[in-house]
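S.K.: Residue numbers are given in our numbering: position 122 of the sequence shown equals residue 139, and the series is strictly consecutive. Have a look at the structure that comes next, please.
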Amino acid sequence: MNTTVLTDIAAAEEGTSLWRDAWLRLRKNRLAIIGLAVLLVCIVLALLTPLIAPYAYDAQDLDLGATPPSAAHWLGTDIFGRDMLTQILYGGRISLAVGFIATAVALLIGITWGAIAGYAGGRVDAVMMRLVDILYALPFMIFIILLMVVFGRNLLLLFLAIGAVEWLTMARIMRGQVQSLRQQEFVEAAISLGLSPGTIIRRHLIPNALGPIIVYTTLTIPSVMLLEAFLSFLGLGVQPPQTSWGLLISYGAETMEEYPWLLIFPGLALTVTLFSLNFLGDGLRDALDVRGSRD
């Protein structure tokens, strides 16, 4: 019996799982792995920004003004003489924080709402999902703008407002997953053992729906970051002295004819991050698609 056969037997005895198979398929997707690597680099840079930023966040040189990229300032300076690389690094912290935190809020609300509706069924499901349909019909951009105007331009409120907008699709996805899992034998066994609905949802239904949740998360973060950039572009998002990629793009757009680097570099940072998240999301969707893995 040769080494190859022994290896195959050992692998068969060890067994496999959905997540192991998904990881093996994901590793074969080069764009997804590149997207994951770029995203991890962005996160590390955001976490280490205070340590690696070449200049102080609030350092200005009004006499210097806007200058193109140079040895002293790799990405140039803005009209206030602030180093653009430093501004982009600090702006990335805010943009990524908005993306991840607002998405977490959306997931918390959407998963809870959808799981309860899907498990309860009947009138409870009908009422909960009709409310989702009604909320879908509301102009949420106007809703967010009103929140910013009434309660002030607060960063925490921005997280909550965007998260409160993005949960509706997750609720529908989660409801569908729970309804399909509701009739499975392991759920019926849990019911026969006398477990409460909350325990069944938390321990059995949500863990078995993690695939779509993960994919939705990677696709929601880019849309949230774009929404924040749009709000900042309108002057309703992040406010000085804080900054974000959207705010930097807004400033760059005002002076793009004279100082194009003020728009190009923040735009590239946002674009590369969004592409990375989209590539990763597409790769996870394909990796977690069991039907596609049979081909």
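For every residue, glycine included, the Cβ atom is placed at its ideal position computed from N, Cα and C.
Can you list, in chain order, the residues of its chain whose CB lies under 6 Å from that of G108, leaving out five sequence neighbours each side?
M.R.: If you ignore the 5 residues before and after G108, its C-beta comes within less than 6 Å of the C-beta of T260, S261, W262 and L265, all in its own chain and listed in chain order.
S.K.: Could you name the residues of the same chain whose beta carbon sits closer than 6 Å to that of C59, not counting the 5 residues immediately before and after it, in chain order?
M.R.: T290
S.K.: Using three-state DSSP, classify T66 as helix, strand or coil.
M.R.: helix
S.K.: Buried or exposed: Y233, going by 16 or more other Cβ atoms within 10 Å of its Cβ?
M.R.: Result: buried.
S.K.: Curious, which full-length alpha helix (DSSP H) runs of at least 4 residues does the stretch 100-172 contain?
M.R.: 101-137, 139-153 and 157-168
S.K.: If the criterion is Cβ atoms closer than 8 Å, does the pair L222 and L198 meet it?
M.R.: yes
S.K.: If you drop the 5 nearest sequence neighbours on each side, which residues of the same chain put their C-beta closer than 6 Å to that of G131?
M.R.: A188, M191 and R192
S.K.: Helix, strand or coil: how does DSSP classify T94 here?
M.R.: Of the three classes helix, strand and coil, the one that applies to T94 here is strand, per DSSP.
S.K.: Could you have a look at P71 and say whether DSSP puts it in helix, strand or coil?
M.R.: coil
S.K.: Which residue from P283, I281, I133 and N46 puts its Cα closest to that of D299?
M.R.: N46
S.K.: For R219 and I128, what's the separation of their Cα atoms in angstroms?
M.R.: CA-CA distance, R219 to I128, rounds to 10 Å.
S.K.: If contact is defined by three or more beta carbon pairs under 8 Å, each pair taking one atom from either stretch, is the stretch 204-215 in contact with the stretch 158-165?
M.R.: no
S.K.: Just mark I133 as buried or exposed, buried being the case when its beta carbon has 16 or more other beta carbons within 10 Å.
M.R.: buried
S.K.: Using 8 Å as the threshold, is the C-beta distance between P86 and L92 below it?
M.R.: yes
S.K.: Figure out for me which residue from L236, M158 and E205 has the closest Cα to the Cα of L251.
M.R.: Checking every option, the nearest Cα to that of L251 belongs to M158.
S.K.: Three-state secondary structure (DSSP) at L210?
M.R.: Residue state, collapsed to three classes: coil.
S.K.: Any idea if D150 is buried or exposed, counting beta-carbon neighbours within 10 angstroms, 16 or more meaning buried?
M.R.: Label assigned to D150: exposed.
S.K.: State the start and end residues of the unbroken alpha helix (DSSP H) segment that holds Y276.
M.R.: Per DSSP, Y276 belongs to no alpha helix (DSSP H) and is neither H nor E.
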